[in-house]
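Down below is the structure, laid out as structure tokens.
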Amino acid sequence: MAKNICVIGVGYVGLTTAIGLADFGNYVIAFDIDQNKLQQLQKGNMIIYEPGIQELLVRNIASERLKFSNNLEEALDNSEVVFIAVGTPENQNGDGNVDIQYVENALNNVIRETASYKVLVIKSTVPVGYNRKVNEKIKQANLDIDVVSNPEFLREGKAVYDFFHPDRVVIGTDSEKAKEIMRDVYRTLNRINVPFLWTDWESAELIKYASNGFLAIKIAYINQLACLAEEIGADIISIAKGMGMDGRIGPKFLHAGPGYGGSCFPKDTKALSAISHKFGVPITIIDAVIEANKKQKMRIVERLKKRMPNISGKTIGILGLAFKAETDDIRESPAIDIVNELLKLGAIVKVHDPQAMHNFKEKYGDKVSYCNNEYEASKDADALLILTEWNEYRSLDLRRIKSAMKSPYIFDTRNVLDRDELNELGFSFDLIGQKTMEA
194 MAKNICVIGV GYVGLTTAIG LADFGNYVIA FDIDQNKLQQ LQKGNMIIYE
244 PGIQELLVRN IASERLKFSN NLEEALDNSE VVFIAVGTPE NQNGDGNVDI
294 QYVENALNNV IRETASYKVL VIKSTVPVGY NRKVNEKIKQ ANLDIDVVSN
344 PEFLREGKAV YDFFHPDRVV IGTDSEKAKE IMRDVYRTLN RINVPFLWTD
394 WESAELIKYA SNGFLAIKIA YINQLACLAE EIGADIISIA KGMGMDGRIG
444 PKFLHAGPGY GGSCFPKDTK ALSAISHKFG VPITIIDAVI EANKKQKMRI
494 VERLKKRMPN ISGKTIGILG LAFKAETDDI RESPAIDIVN ELLKLGAIVK
544 VHDPQAMHNF KEKYGDKVSY CNNEYEASKD ADALLILTEW NEYRSLDLRR
594 IKSAMKSPYI FDTRNVLDRD ELNELGFSFD LIGQKTMEA
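All residue numbers for the sequence shown refer to the working numbering, where the first residue is 194 and numbers rise by one.
Shown next as structure tokens:
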């Protein structure tokens, strides 16, 4: 049976959730305080870049299963299930804990406006123990609300696929009634035999942190192996393939690069570290991963400095600003740390990205030059750095690149270019986890 649902927050997670739940056949009202965003969305205009989501937005608005509102009272009155999917950024104290003020604001509004039974689903990534505190707060207010922890595992760039084909759905609650309602909410996934894990609040919360922490470990490990491979003359691509063929390891997240970024891994590893220290059981491997990731980003600049000891006044072209391909998200992107360091060293920086330029421009203004294409970024460059694995960078016209550059040196931190072609065309180049090549 279709459910009436309110989703609070139209950021990356909230918007994907609202659109996905509507496409399951539910009736969804997405609430946010940003009227401009809501107006754009109601017209069918996406406010984030995510492959495949635009068509779903338009289709579900047209079918009247999805609408957007800044009237929370109305949205709650017409909903039995309420998802809180607002941001939980790292707090400003530098202690690794997340800032839950937006979740708290949403929660207080729900408590204030609720008059009938609701299932309150916390989709936001919150500290372990938070759902239990929410439940206690609701009981003290004598409200008929069941609390559910339902962490998200969406990958930016693949969020649509992940929503409709998840590896699992994790639901933490102590209410049998809420369980039955959540089965209805996700009935489409039940029909295609997606595994459901029914558990307690704390376990559901920790599953999210544990999953992202483990994936970050894999990334940091392959990056450190890549550093070793460079020194001993091995090939990290072959090493990763050999490791990935082992069914106990698997090939995913074994792609060496400039370090992880985005809205999840940096924040969640720090939060997991903070949680473990709070309870007196430090997960020291996570502390090491956080440090290794910082060093990996700076190692890119250090390798560039070996090629170019005096970077001041040199023109550096940057291809790729998003933290990964198929997204416009630059949060914690390696490009930010690397560009910051290059600017400190006095470099002239030119940048290109097929989707993330607007976000980079908001952050950097006129500190860097923004290029319309890859070839403009390479014009008169002393070095060209590839920092994001966009498919279009895999098929660059390298002859054109070489003729445009002042000095034909490429540092491909994503290993997207063909080593033999670079060599044949006379480039000096560096790759991750492979030998340095001189022209």
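The C-beta atom is built at its ideal place from N, Cα and C for all residues, glycine as well.
So, are the CB atoms of residue i and residue j less than 8 Å apart?
| i | j | result |
| --- | --- | --- |
| Val200 | Ala278 | yes |
| Gly539 | Ala528 | no |
| Tyr602 | Ala576 | yes |
| Asn284 | Asp292 | yes |
| Arg607 | Glu582 | yes |
| Phe346 | Asp355 | yes |
| Ile633 | Leu214 | In the structure displayed, the chain extends from 194 to 632; residue 633 sits before or after that span and is not available. |
| Lys316 | Asn343 | yes |
| Glu306 | Glu266 | yes |
| Val312 | Val274 | yes |
| Asn552 | Ile579 | no |
| Ser178 | Ala518 | Coverage of the chain is limited to positions 194 through 632, which leaves residue 178 absent and any answer about it impossible. |
| Phe604 | Leu497 | yes |
| Gly350 | Thr520 | yes |
| Val341 | Val314 | yes |
| Leu249 | Val319 | no |
| Gly443 | Gly437 | yes |
| Tyr563 | Lys554 | yes |
| Ala481 | Ile625 | no |
| Asn271 | Val378 | no |
| Ala536 | Ile504 | One detail in the question is off: residue 536 reads as Leu in this sequence, not Ala. Against a cut-off of 8 Å, the Cβ pair of Ile504 and Leu536 comes out as no contact. |
| Ile304 | Ala268 | no |
| Ala485 | Gln417 | yes |
| Asp225 | Gly202 | yes |
| Phe458 | Asn383 | no |
Please determine, among the options, the residue with the shortest C-alpha to C-alpha distance to residue i.
| i | options | result |
| --- | --- | --- |
| Ile415 | Pro388, Asp623, Leu399 and Phe446 | Phe446 |
| Ser264 | Ala299, Gly289 and Glu257 | Note that residue 264 corresponds to Asn in the displayed sequence, not to Ser. Residue Ala299 is the option with its Cα nearest to Asn264. |
| Asn253 | Ser526, Val340 and Asp216 | Asp216 |
| Lys572 | Asp590, Met598 and Lys554 | Met598 |
| Met194 | Ser256, Lys230, Ile374 and Ser309 | Ile374 |
| Phe389 | Ala419, His358 and Leu418 | His358 |
| Val251 | Ala211, Asp227 and Asn286 | Ala211 |
| Ile429 | Leu208, Lys628, Val206 and Tyr205 | Lys628 |
| Phe276 | Ala371, Gly626, Ile385 and Ile493 | Ala371 |
| Leu208 | Phe261, Val319 and Ile511 | Phe261 |
| Arg592 | Ser272, Ala574 and Phe620 | Phe620 |
| Glu614 | Ser600, Lys595, Ile625 and Gly626 | Lys595 |
| Tyr323 | Ile483, Ala334, Gln294 and His448 | Gln294 |
| Lys560 | Ala574, Val532, Asn566 and Tyr586 | Val532 |
Let me check one thing: in DSSP terms, what residues is residue i bridge-paired to?
| i | result |
| --- | --- |
| Tyr220 | Asn197 |
| Lys311 | Ile338 |
| Asp623 | Phe604 |
| Ala576 | Ile509 |
| Val206 | Paired residues: none, contrary to the question. |
| Glu283 | Val291 |
| Ile277 | Ile201 and Ile315 |
So does the region 360-371 actually touch the region 280-287, counting three or more Cβ pairs closer than 8 Å? no
Would the region 455-468 count as touching the region 414-427 if we require 3 or more Cβ pairs under 8 Å? no
In the region 317-369, which residue ranges form an unbroken alpha helix (DSSP H) of at least 4 residues, counting only runs that do not cross its ends? 323-333 and 352-357
What beta strand (DSSP E) runs, 3 residues minimum, are completely inside the region 235-271? 259-262
Three or more beta-carbon pairs under 8 Å between the region 404-415 and the region 228-239, yes or no? no
Along the chain, which unbroken stretches of the beta strand (DSSP E) at least 3 residues long are found entirely within the region 437-513? 508-512
4-residue-minimum alpha helix (DSSP H) runs that sit fully inside the region 362-442, ordered along the chain: 369-378, 380-384, 394-425 and 429-437
Can we say the region 448-456 touches the region 487-503, given the rule of at least three CB pairs closer than 8 Å? yes
Can you confirm whether the region 530-544 touches the region 500-518 when touching is taken to mean that 3 or more C-beta pairs between the two stretches lie within less than 8 Å? yes
Unbroken beta strand (DSSP E) runs of length 3 or more, entirely within the region 514-573: which are they? 541-545
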